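Novice: Residue 95 is where the sequence shown starts when you use the working numbering, and the numbers rise one by one after that.
Starting off with a structure, shown below.
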Amino acid sequence: MQMTVLLLVVAVALCGAHPTNTLENVTCHDAGLAQKAADFTVDHINDHHHHGYEFKLTKVNSSRVEPVDDECTITLELSLEETKCHFTNPKPVEDCELRRHMQTVTAKCKVVLHFGPEGANHQGTSDEISDPDCETYPAV
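Structure below.
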């Protein structure tokens, strides 16, 4: 009986866990590449952010796609803001409210993603995404 209850609790917890955005089958020529890459990057940042609150994308400040032979590099500059969801909260970040202006931490991030000739067919690996370079600014 205890094992059944434990399995039920684990199943409910897993159902609430949000899937990570992937760059599945994304290529350099896809429409909306910058937005897909930005969403993936925010998930990557939140997955590697082990304190405080999750970040939400507020603006793609710039994006640049540089084709090289049959590969490409995309450089993004993003603006992020803290949400009310703690990093341990399984709620999808899209469902999290932004913190009030006087409480929020903002971040300006630059990230470089690289796609080979096959595009990205799996979740981001170290050869697909650089470590985001983020400057954070505390609430004032």
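For every residue, glycine included, the Cβ atom is placed at its ideal position computed from N, Cα and C.
Here the structure is a predicted model, which is why all the values come from computation and not from measurement.
Between which two residues does the alpha helix (DSSP H) containing isoleucine 139 stretch?
Specialist: 127–141
Novice: Does DSSP put glutamate 229 in a helix, in a strand, or in coil?
Specialist: strand
Novice: Measure how close the beta-carbons of leucine 172 and alanine 233 come, nearest whole angstrom, since I'm counting them as under 8 Å.
Specialist: With a Cβ gap of about 19 Å, leucine 172 and alanine 233 do not count as contacting.
Novice: Using 8 Å for Cβ pairs, my map puts cysteine 166 next to cysteine 122. What's the rounded Cβ distance?
Specialist: Sure, about 4 Å apart at Cβ, within 8 Å.
Novice: Checking the sheet assignment: what are the DSSP bridge partners for phenylalanine 149?
Specialist: Glu176
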